[in-house]
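J.:
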Amino acid sequence: MMNFQSVALAVEAETSAWRAAEATFEKHLERVYGKRDAAIARYQLHHEDEAVREAREAFVRASDTWRNAVRTARQGLVARNPSHG
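All residue numbers for the sequence shown refer to my numbering, where the first residue is 8 and numbers rise by one.
Right, here's the structure in full:
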């Protein structure tokens with residue numbers, strides 16, 4: 008079982024990766040759609056621009072990985088402290 012510090016470091020690393028992927032996705036959205044329309048375009052499922060598509064896919068993967076890290080951390084904490092679950 009992982010200790011609290013190693014869990015925190017894992018979540019922190021995944022949070023940093025998620026933020027970097029989100030920033031890249033946003034940069035490409037703004038390049039293609041403009042700053043004003045990027046916020047709306049981020050929720051589109053399909054994009055013509057290849058760089059936007061790749062950045063979106065990387066962002067989705069990073070988001071999934073981050074959620075899994077948080078879920079693992081929560082499960083570990085609950086296992087150690089059942090009264091907090």
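Ideal Cβ placement from N, Cα and C applies to all residues, glycine included. All values derive from a computational prediction rather than experimental measurement.
Take A28 as the anchor and find which of V77, E64, G83 has the nearest alpha-carbon.
T.: A28 has its Cα closest to that of E64, out of V77, E64, G83.
J.: Is D56 helix, strand or coil when you go by DSSP?
T.: Coil, per DSSP.
J.: What residues in its chain sit with their C-beta under 7 angstroms from that of E37, if we drop five residues either side in the sequence?
T.: Around E37: A45.
J.: Out of E55, A24, H35, state which residue places its alpha-carbon closest to the alpha-carbon of W73.
T.: Checked all of E55, A24, H35; the closest Cα to W73 is A24.
J.: Using the Cα positions of D71 and A86, report the straight-line distance between them to the nearest angstrom.
T.: Their Cα atoms are separated by approximately 22 angstroms.
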